[in-house]
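Accompanying notes for the structure given below.
Residue numbers (my numbering), protein chains in the order written: chain A, 1 to 220; chain B, 1 to 220.
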């Protein structure tokens with residue numbers, strides 16, 4: 001089978017591991033652009049469709065983005081009339097976790113977050129949804145009596161800036177400019193999962209060392 | 001109102017912001033221990049109940065843990081017959097994201113993750129669920145053509161180790177040993193959210209700098 005060739009929907013399903021009815025659902029919902037019509041009930045699909053299907057699957061299954069959110073992400077990716085940076089900003093908005101009304105002093109926490117952004121000179125939109133998520137998280141930590149964990153946001157900012165410098169630089173230096181926005185989406189979402197899983201392992205390791213336990217070893 | 005005093009369920013609801021029917025549901029599901037009976041249909045609740053309610057709310061609303069998972073976390077927290085480290089390990093298992101069957105070469109990715117753990121000398125249980133989550137994420141990055149982002153897991157491990165050293169040290173040095181496990185749960189879950197939100201902001205900032213956009217500034 002030739003990677004560059006056009007394929008029918010059955011083969012697209014086999015290659016992507018996504019069932020034909022699900023692919024048809026994505027076509028109806030316009031998550032996936034239509035194939036190239038070859039007859040009244042037939043169409044051919046190309047490599048771009050396969051790549052898009054894998055992206056949809058990662059967004060839904062790994063990042064837990066709802067179908068409506070996936071549509072928003074993909075529309076942002078495809079909107080050629082905006083700068084790359086704006087498209088990425090729209091993607092951030094689409095994947096931002098939904099906010100719950102904060103318990104505790106949300107105003108104070110938001111001021112703390114905005115002060116951090118100003119101090120670090122971060123160029124972020126004043127209405128970036130992550131500001132609200134962060135403020136809410138800080139407020140809840142305080143409400144739960146764990147405010148000291150959020151006291152030094154600068155420390156966390158150092159750490160994530162190191163991550164972002166490396167991740168964004170890797171992606172924008174790639175040779176396919178039309179796929180950079182797609183790469184940023186994938187890197188943002190899967191990178192978050194990667195960091196979270198590694199952080200859990202590091203927590204387990206450090207807690208084993210500090211709290212001690214004879215039965216925990218690195219061996220299988 | 002005295003903070004240390006015992007209160008009826010209505011006052012517990014008011015203080016926690018959780019409705020009386022929801023509190024009764026948590027009592028039935030044994031997420032919340034029963035109050036101190038003061039009559040056939042009356043009970044008093046103490047500060048521990050309020051703290052536990054806030055923890056339940058954070059787990060469900062912020063961390064998205066299902067009720068069954070919350071029950072598992074709380075049982076692990078309360079199991080006095082295990083070492084603190086074991087209780088924390090059980091909590092990690094309960095909050096680990098559910099795994100989907102991995103697309104791509106999961107075996108290779110898992111070998112990469114286990115090699116990393118060995119190289120770093122991390123003391124983690126060989127069946128820690130985060131190993132599977134991490135391997136799956138690496139495999140999916142490869143399947144999506146973004147394998148280079150996962151090529152240097154050592155870099156990510158450096159970053160999260162720095163986080164974990166600081167976070168665990170802060171929690172275990174606290175003066176209330178019986179609340180350390182609870183603090184670890186909160187720190188693990190809310191810390192993940194804090195890191196994720198800050199990372200998004202750092203990404204926006206770095207991408208603004210590298211990709212450029214006149215309309216994005218740090219000002220409101």
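Think of the CB as a built atom: it goes at the ideal place given N, C-alpha and C, for glycine as much as any other residue.
What separation, rounded to the nearest whole angstrom, lies between the Cα atoms of residue 85 of chain A and residue 182 of chain A? Their Cα atoms are separated by approximately 12 Å.
Within chain B, partners of residue 191 of chain A - CB distance below 8 Å: The contacting residues are 149, 199.
In chain order, each beta strand (DSSP E) run of at least 3 residues that lies wholly inside the segment 32-118 of chain A: List check, beta strand (DSSP E) in window: 36-39, 42-44.
Measuring only between beta-carbons, confirm whether residue 107 of chain B sits less than 7 Å from chain A. Residue 107 of chain B does not count as touching chain A.
Within chain B, the residues that residue 29 of chain A reaches when beta carbons sit closer than 8 Å: Below the 8 Å Cβ cutoff, chain B contributes no neighbours of residue 29 of chain A, its closest Cβ being approximately 21 Å away.
Per the contact definition of three or more C-beta pairs closer than 8 Å, is the segment 42-50 of chain B in contact with the segment 60-77 of chain B? With a cut-off of 8 Å, the segment 42-50 of chain B and the segment 60-77 of chain B do not count as touching, because too few Cβ pairs lie within range.
Where does residue 124 of chain A fall in DSSP's three states? Residue state, collapsed to three classes: coil.
Same chain only: Cβ atoms within 8 Å of residue 91 of chain B, ignoring 5 sequence neighbours per side: Correct list, in chain order: 73, 76, 77, 181, 184, 185, 188.
Would you say residue 156 of chain A lies against chain B (beta-carbon separation less than 7 Å)? Yes, residue 156 of chain A lies at the interface with chain B (some Cβ there is under 7 Å from its Cβ).
Spatial distance of residue 190 of chain B from residue 170 of chain B (CA atoms): One C-alpha to the other measures close to 15 Å.
Ignore the nearest five residues each way along the sequence and tell me which others in residue 32 of chain A's own chain have a CB closer than 8 Å to its CB. Same-chain partners within the cutoff: 23, 26, 49, 52, 53, 56.
Kindly give me the distance between the Cβ atoms of residue 201 of chain A and residue 138 of chain B, rounded to whole angstroms, as I take these residues to be in contact under 8 Å. The pair is not a contact, with the Cβ atoms about 13 Å apart (cut-off 8 Å).
Opposite residue 171 of chain B in the DSSP bridges: which residues? As DSSP reads the structure, residue 171 of chain B sits in no beta bridge.
Under a CB-based cut-off of 7 Å, is residue 207 of chain A close to chain B? Chain B contact via Cβ: present.
Roughly how many angstroms lie between the CA atoms of residue 196 of chain B and residue 161 of chain A, to the nearest whole one? Looking at the two C-alpha atoms, the distance is approximately 12 Å.
CA nearest to the CA of residue 108 of chain B, picked from B:205, B:18, B:10, B:142: Of B:205, B:18, B:10, B:142, the residue nearest in Cα terms is B:142.
Determine, using beta-carbon pairs with one atom in the segment 147-164 of chain A and one in the segment 125-136 of chain B, whether at least three such pairs fall under 8 Å. A contact between stretches requires three or more CB pairs, one per stretch, nearer than 8 Å, and the segment 147-164 of chain A fails this requirement with the segment 125-136 of chain B.
In angstroms, rounded to a whole number, what distance separates the CA positions of residue 174 of chain A and residue 34 of chain B? Approximately 59 Å, taken between the alpha carbons.
Nearest residue (CA-CA) to residue 203 of chain A, options B:62, B:30, B:88: Taking only the C-alpha atoms, the option nearest residue 203 of chain A is B:88.
Looking only at C-alpha atoms, which of B:17, B:11, B:128 sits nearest to residue 61 of chain B? Looking at the Cα atoms, B:17 is the closest of the given residues.
I believe residue 140 of chain B touches residue 58 of chain A by the beta-carbon criterion, under 8 Å. Please report the beta-carbon distance rounded to the nearest angstrom. With a Cβ gap of about 6 Å, residue 140 of chain B and residue 58 of chain A count as contacting.
Leaving out five residues before and five after residue 192 of chain A in sequence, what residues of the same chain have Cβ atoms less than 6 Å from its Cβ? Around residue 192 of chain A: no qualifying Cβ.
Output the boundary residues of the alpha helix (DSSP H) element that contains residue 207 of chain B. Per DSSP, the continuous alpha helix (DSSP H) segment holding residue 207 of chain B begins and ends at 180-211.
Unbroken alpha helix (DSSP H) run spanning residue 9 of chain B, endpoints: Note, residue 9 of chain B: alpha helix (DSSP H), 9-16.
List the residues of chain B that residue 184 of chain A touches, going by C-beta distances under 9 Å, in chain order. Against chain B, a Cβ distance below 9 Å from residue 184 of chain A picks out 203, 207.
Going straight from the alpha carbon of residue 65 of chain A to that of residue 210 of chain A, what length do you get? The straight-line gap separating the alpha-carbon atoms of residue 65 of chain A and residue 210 of chain A is approximately 37 Å.
If you compare alpha carbons, which of B:37, B:21, B:95 is closest to residue 6 of chain B? For the residues B:37, B:21, B:95, the minimum Cα distance to residue 6 of chain B belongs to B:37.
In three-state terms, what does DSSP make of residue 152 of chain A? DSSP places residue 152 of chain A in coil when its eight states are reduced to three.
Integer-rounded CB distance, given that residue 206 of chain A should sit under 8 Å from residue 164 of chain B: Residue 164 of chain B to residue 206 of chain A, Cβ: 4 Å. Contact.
Taking only beta carbons into account, state which residues of the segment 58-69 of chain A come closer than 7 Å to chain B, listed in chain order. Listed by position, the residues of the segment 58-69 of chain A near chain B (Cβ gap below 7 Å) are 58, 61, 62.
Please state the DSSP three-state secondary structure of residue 30 of chain B. Secondary structure at residue 30 of chain B: coil, using DSSP grouped into helix, strand and coil.
Within-7 Å CB hit, residue 112 of chain B to chain A: Output row for residue 112 of chain B: interface = no.
So, for residue 150 of chain A: in the same chain, excluding its five sequence neighbours on each side, which residues have a beta-carbon less than 6 Å away from its beta-carbon? So the qualifying residues of the chain are 138, 141.
When you compare the CB of residue 94 of chain B with every CB in chain A, is at least one pair closer than 7 Å? Taking Cβ atoms only, chain A never reaches closer than 7 Å to residue 94 of chain B, which makes this a no.
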